[in-house]
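In our numbering, the protein residues as written are 775 to 1058. Here's the structure, in structure tokens; my notes come after.
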Amino acid sequence: MIKAIILDIDGTLTNSQKEITADTKEALLKAQEMGIRLAIASARSENGLRRFGRWLDFEHNNGIFICYNGGLIINSQTNEVYYEKAMPTELAKEILEHLKQFDCIPMVNKDEYMYLNDAFKGMIHTPNGDMDIIQYETRSNEFLICEKADLADFVDFEVPKILVAASSDYMAENEEKMGAPFKDRARTGMTVPFYYEFNAKGVEKDVAIEKAFEEMCISSDEMMAFGDAQNDVAMLKYVKYGIAMGNAIDELKEVAYDVTDDNDHDGIAKALYKYIPELKDVTL
């Protein structure tokens, strides 16, 4: 019996227009009506998850936010922090100093602010065209912008995540050099072709999922998870019902329990009705 559903956001819960489709939303609301617990597990910050929680009525259903790839776990209804793990200040400073040699845009957030070097230098080239990545990140995560000429000098706090953006071609050529000095001291890796991320060592979605649900006595055999990217691999391998979206990378499809339709064709809803057929009888 499935007792918990864990959802990645970009490329999974949301479609290409960054929206939750009506059928997917209805299926997830029905799941909660049945008593199934929902969690959103994303590389995003808490700020970036709140609006999705509102759309899925998390505030009335004890929905769980797993932020920063697993670096922060919060009960969205009570705001209780279940778990938190950030990078030590000195390590974050060292990474930010190292990144100065690259043609990239490092970003660090704290509370309601996103700290970066220059708010007017955010244009990058992605597989889907040119975009202002600073505008996208700050608006989608509901951050205020604060410019700092030297992030390495500015940071005097533990950092949950350093987000690095660059044009896709440049990132492909340089991502190994960006992360190489820190492979043994931090969690490093790409999430999409134009993002590279640094988290505290040991931060992973599967570890966070176990911590989030252990007190509820929900085991991995009773969990279903949905994802599409490299940072979802550990999560899909951990749960029994690891479902890769039709638009997922091949590496994820290879480890998945099943592959559903893509995020533009209600892949989540289709898998939920397949594995929890009684959802069809639930009324909202």
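Virtual Cβ for every residue (Gly too), placed ideally from N, Cα, C. Remember, predicted model here, so these are calculated numbers, not experimental data.
Subject >> Three-state class that DSSP yields for residue 834 in the structure shown >> reply: helix
Subject >> Buried or exposed by the 16-neighbour rule on C-beta atoms within 10 Å, applied to residue 991 >> reply: exposed
Original post:
Given residue 909, which residues of its chain have a CB within under 7 Å of its CB, disregarding the five upstream and five downstream residues?
Top reply: 896
Subject >> Option nearest residue 1061 by Cα separation, candidates 918, 815 and 800 >> reply: The chain is shown from 775 up to 1058; residue 1061 falls before or after that span and cannot be answered.
Original post:
Does the stretch 1035 to 1045 touch the stretch 1011 to 1026, meaning 3 or more C-beta pairs lie closer than 8 Å?
Top reply: yes
**OP:** Kindly give me the distance between the Cβ atoms of residue 974 and residue 859, rounded to whole angstroms, as I take these residues to be in contact under 8 Å.
**Re:** 5 Å
Original post:
For the putative contact between residue 985 and residue 997, defined by C-beta atoms under 8 Å, what is the C-beta separation to the nearest angstrom?
Top reply: Not confirmed; about 13 Å, so no contact.
**OP:** State yes or no: is the C-beta of residue 1008 within less than 8 Å of the C-beta of residue 1044?
**Re:** no
Original post:
Using CA coordinates, which residue listed in 905, 1003, 983 and 1002 is at the minimum distance from residue 994?
Top reply: 983
**OP:** Look up residue 815 in the DSSP assignment and say whether it is helix, strand or coil.
**Re:** strand
**OP:** Assuming residue 822 contacts residue 1002 (C-beta within less than 8 Å), just tell me the rounded distance between them.
**Re:** Not confirmed; about 17 Å, so no contact.
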